[in-house]
Ligand code: NAD
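Residue numbers (full-length UniProt numbering): 1 to 255.
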């Protein structure tokens, strides 16, 4: 198994993309450290079925002190060889009506937490002579969309941070890259679909409208597809991919 003996910490992995990536890395033999606010029991059971070690820590990534606790705990579970900075939240509103509290939370969870997790993971990776940092950014790290001021600002920041960390680790066996998904059908996107449901528009039509506006394939990207790309970045074939922002978006950015 390609990742036997490695431990992957995946933030925000009780649902959605994080859980999908955890599944693929566990199938490749990695031990998994989960984090997130959802009920951890089903995720723990799902990953344990792959025959790897798995544990969950409920740190709130908006709180740097809790991120420090998460890494101290991870140290007791074998350290972090692979860091997936995945936790993220969304709020959609025009900038004049954007609640300052929502701005602060999105910047804290979607951007500052990536910095804190990275600075805490790097020393152990350098010491062990190998590491992978994979940041789940978004197409919104490369282009804007109406109503997503904080999310777009944070995700552009994640791509900038990934480039700098990619440079600072360039002569080592540690790499850092960003993945930029288009729409993936997770609870985060389901909330945006639900906001579009009206008397004349049912859930299925709302889903199709959302995709038709941005994603030429008309199909959602899947968590497994992102997991397989993360697995590639963990392989020797991916060792010279550094500081990249890799879009997986059904053609969104080709337009
Ligand atoms: P999701 O809501 O299913 O998962 C988000 C995860 O983050 C959950 O486990 C949640 O509990 C956790 N989380 C939220 N706030 C947290 C906090 N303060 N501390 C710790 N954990 C917290 O959403 P998702 O769609 O799977 O999103 C995962 C990542 O992918 C996010 O960074 C998101 O921006 C990004 N992304 C999603 C899409 C999409 O279409 N779904 C597209 C591009 C990028």
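Beta carbons are placed, not taken as given, at the ideal position from N, Cα and C, and that holds for glycine.
Here the structure is a predicted model, which is why all the values come from computation and not from measurement.
DSSP-derived helix/strand/coil call for residue 131
strand
Residue range of the unbroken alpha helix (DSSP H) whose run includes residue 234
223–234
Taking its Cβ as the centre, do 16 or more other Cβ atoms sit within 10 Å of residue 11, making it buried, or is it exposed?
buried
How about the stretch 81–97 and the stretch 108–117: do they share at least three Cβ pairs that are nearer than 8 Å?
yes
Please classify residue 44: does DSSP put it in a helix, a strand, or coil?
helix
Looking only at C-alpha atoms, which of 29, 185, 155, 166 sits nearest to residue 50?
29
According to DSSP, is residue 60 part of a helix, a strand, or is it coil?
coil
Can you give me the start and stop residues for the alpha helix (DSSP H) that residue 152 sits inside?
149–168
In its own chain, which residues sit with a C-beta less than 7 Å from the C-beta of residue 257, not counting the 5 before and 5 after it?
Here the chain has residues from 1 to 255 only, and residue 257 is not among them.
May I ask you to list the residues that DSSP assigns as paired with residue 175?
DSSP links residue 175 through a beta bridge to 132.
Which residues DSSP lists as bridging residue 106, in chain order:
Per DSSP, residue 106 has no beta bridge partner at all.
Going by C-alpha distance, which of 200, 191, 139 is nearest residue 250?
The option with the nearest alpha carbon to residue 250 is 139.
Buried or exposed: where does residue 31 fall if 16 or more other Cβ atoms within 10 Å of its Cβ makes it buried?
buried
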